[in-house]
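Visitor: In my numbering, the protein residues as written are 96 to 487.
Every residue, glycine too, gets a C-beta built ideally from N, C-alpha and C.
Following this message is one structure expressed as structure tokens.
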Ligand SMILES: Cc1cc2nc3c(=O)[nH]c(=O)nc-3n(C[C@H](O)[C@H](O)[C@H](O)COP(=O)(O)OP(=O)(O)OC[C@H]3O[C@@H](n4cnc5c(N)ncnc54)[C@H](O)[C@@H]3O)c2cc1C
């Protein structure tokens, strides 16, 4: 069976479904094809932070602020309880080097419009019990929040269906259909889809599909291991990150020569508590291809790190661990837009560790570009053509 659509979307993660929703709402005939099930990729194995403080000052933070604004009314809009809460967030600072980095980071973020400050350890302890005595201080922003990623993915999917999109699961995209050098559709396990535009939103798997078009996408899978505790009474207030997380995220080169195994594994603390009481403790940042298994070493290093920064968590029981692959890009920004030399193809992948936070705005940007030829704001920094996409 061959389906026809204005837009065919590859990938049913949070970004594919957000895009499907916005496009269908704008009146486009949409068919989305997902290899497994919704939230089968990174979206189903991640933290829950819609955190602004971790974003690089510039377009990255601006988009995160815009996305966070959309989150405020998203549950009503989707008619789905996505468990979004704006409880604020802190970044722990352990030493003078981190204090210097964060002082500079915070000053730049304030200029972009984020309400964020450095607070003393005493002030931080009034907001959050269990913090390490050795901390020099924390950054704090009331604008940080979190959301249930799984529910968010399902909320977008359900709203997309209601708006008329067809969403196929167990529908692996195996190849692209070409005519006159242009992408004109996809071949899937559930039949072909002919489409004017194909949106590649397959997260960390996008390069595998790009290869079929002779493309060398600069997206790499970056594993994150994460721990889930038994449910407990409300303990963690908002989101907590460590400054070490910021270093691991934006300066991976500094990890290579580090002496500590935890630092080599890119461990940066990320803690928050779910609506059901489980405490999420993450995460590593490792380049190990598509291996999403957990390692004793990774879990041990995350726990060691958490116990140092938040000794109050020491007696927590763990009920499970999981691993997922973030779609890493060299400059930390996703690839969103048309591809020069490959008419008919539209990229929307590479959100690294921010794809949940940026999902709301990603759908809006893609719908703007496809339906009106322009986004609501300047997104030239996301242009996929900033990279050499075709092997010479
Ligand atoms: C440990 C960890 C913690 C994280 N914490 C946060 C956080 O707190 N906040 C935040 O904003 N982000 C976080 N992230 C990042 C976030 O999870 C990702 O950026 C986001 O989920 C990416 O969404 P996506 O829809 O682009 O990709 P994915 O969710 O990976 O979806 C891609 C989909 O494409 C499908 N697919 C692949 N190949 C094919 C094919 N051939 N045909 C059809 N479908 C295909 C996959 O099955 C998958 O469902 C974290 C990630 C990890 C691993």
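For residue 329, which residues does DSSP report across the bridge?
Guide: Per DSSP, none; premise fails for residue 329.
Visitor: Pull up the CB-CB distance for residue 484 and residue 312, whole angstroms please, since I reckon it's below 8 Å.
Guide: Residue 484 to residue 312, Cβ: 7 Å. Contact.
Visitor: Ordered along the chain, which non-local residues of its own chain (more than five positions away) have a Cβ less than 7 Å from that of residue 113?
Guide: 251, 454, 455, 457 and 458, listed in sequence order.
Visitor: Taking 7 Å as the limit between beta carbons, can you name the residues of its chain near residue 427, skipping five residues before and five after?
Guide: These residues qualify, in order along the chain: 151, 155, 345 and 447.
Visitor: Should the region 156-164 be called in touch with the region 280-288, which here means at least 3 C-beta pairs below 8 Å?
Guide: No, the region 156-164 is not in contact with the region 280-288.
Visitor: Identify which residue in 274, 227 and 449 has its Cα closest to the Cα of residue 402.
Guide: It is 227 whose Cα lies nearest to the Cα of residue 402.
Visitor: What's the call for residue 248, buried or exposed, on a 16-neighbour Cβ count within 10 Å?
Guide: Burial call: buried.
Visitor: Check the C-beta distance from residue 364 over to residue 398 and give it rounded, since I have them as a contact under 8 Å.
Guide: Actually they do not touch by this definition, with Cβ atoms about 11 Å apart.
Visitor: Would DSSP call residue 160 helix, strand or coil?
Guide: Looking at residue 160 - three-state DSSP - the assignment turns out to be helix.
Visitor: Quick one: is the Cβ of residue 422 within less than 7 Å of any heavy atom of ligand 1?
Guide: Flag set: Cβ of residue 422 near ligand 1.
Visitor: Keeping to the same chain, check which residues put their C-beta closer than 8 Å to that of residue 245; ignore five residues upstream and five downstream.
Guide: Here the set comprises 134, 138 and 139.
Visitor: My output table needs one value for residue 275: the three-state DSSP class, helix, strand or coil.
Guide: In this structure, residue 275 counts as coil in the three-state DSSP scheme.
Visitor: Taking 8 Å as the cut-off, does the region 368-384 touch the region 319-330 (at least 3 CB pairs, one atom from each stretch)?
Guide: Flag = yes, the region 319-330 and the region 368-384 touch.
Visitor: Is residue 52 close to ligand 1? I mean its beta-carbon at under 7 Å from any heavy atom of the ligand.
Guide: Nothing can be reported for residue 52, as the shown portion of the chain is limited to 96 through 487.
Visitor: For residue 264, which residues in the same chain have their Cβ closer than 8 Å to its Cβ, ignoring the five residues on either side in sequence?
Guide: So the qualifying residues of the chain are 107, 129, 131, 132 and 133.
Visitor: Identify every residue that forms a DSSP beta bridge with residue 337.
Guide: The partner list for residue 337 (beta bridge, DSSP) reads 187.
Visitor: Can you tell me whether residue 379 is helix, strand or coil according to DSSP?
Guide: DSSP places residue 379 in coil when its eight states are reduced to three.
Visitor: Contact defined as beta carbons within less than 8 Å: I believe residue 196 pairs with residue 341. What is the distance between those atoms, to the nearest angstrom?
Guide: At roughly 7 Å, the Cβ-Cβ gap stays under 8 Å, so residue 196 and residue 341 are in contact.
Visitor: Which of the three DSSP states is assigned to residue 117 in this structure?
Guide: Three-state DSSP puts residue 117 in a helix.
Visitor: How big is the Cα-Cα spacing for residue 495 and residue 334?
Guide: Nothing about residue 495 can be read from this structure; the chain reaches only from 96 to 487.
Visitor: Would you say the beta carbon of residue 100 comes nearer than 7 Å to a heavy atom of ligand 1?
Guide: Because no heavy atom of ligand 1 lies under 7 Å away, the Cβ of residue 100 does not count as near it: no.
Visitor: At a threshold of 7 Å, does residue 178 count as lining ligand 1 (C-beta to nearest heavy atom)?
Guide: No, the beta carbon of residue 178 sits no closer than 7 Å to any heavy atom of ligand 1.
Visitor: Quick one: any contact between the region 115-126 and the region 301-317, if contact means 3 or more CB pairs under 8 Å?
Guide: No, because fewer than three Cβ pairs between the region 115-126 and the region 301-317 fall closer than 8 Å, the two stretches do not touch.
Visitor: Round the Cβ separation of residue 294 and residue 441 to the nearest angstrom and send it over; I've been treating them as touching at under 8 Å.
Guide: At roughly 5 Å, the Cβ-Cβ gap stays under 8 Å, so residue 294 and residue 441 are in contact.
Visitor: Does the distance from the CB of residue 278 to the CB of residue 439 come in under 8 Å?
Guide: Cβ atoms of residue 278 and residue 439: closer than 8 Å.
Visitor: Going straight from the alpha carbon of residue 406 to that of residue 299, what length do you get?
Guide: Distance between the alpha carbons of residue 406 and residue 299 is about 34 Å.
Visitor: Please confirm whether any heavy atom of ligand 1 lies closer than 7 Å to the CB of residue 258.
Guide: It does not: the Cβ of residue 258 is nowhere closer than 7 Å to a heavy atom of ligand 1.
Visitor: What are the residues that DSSP puts in a beta bridge with residue 252?
Guide: Residue 252 is not bridged to any residue.
Visitor: By Cβ distance, which residues of its chain are closer than 8 Å to residue 175, with the 5 residues on each side in sequence left out?
Guide: Closer than 8 Å at Cβ, skipping near neighbours: 246, 249, 250, 253 and 254.
Visitor: Kindly identify the DSSP beta-bridge partner or partners of residue 316.
Guide: Note: residue 316 sits in a beta bridge opposite 422.
Visitor: Can you name the start and end residues of the alpha helix (DSSP H) that residue 141 belongs to?
Guide: Run containing residue 141: none; DSSP gives neither H nor E here.
Visitor: Classify residue 405 as helix, strand or coil using the three-state DSSP reduction.
Guide: In the structure shown, residue 405 sits in coil (DSSP, three-state: anything other than H, G, I, E or B).
Visitor: State yes or no: is the C-beta of residue 236 nearer than 7 Å to some heavy atom of ligand 1?
Guide: False, no ligand heavy atom lies under 7 Å from that Cβ.
Visitor: Sorted by chain position, which residues of the same chain lie with C-beta nearer than 7 Å to residue 169's C-beta, five sequence neighbours on each side aside?
Guide: The residues are 177, 179 and 455.
Visitor: May I ask you to list the residues that DSSP assigns as paired with residue 126?
Guide: Paired residues: 103 and 261.
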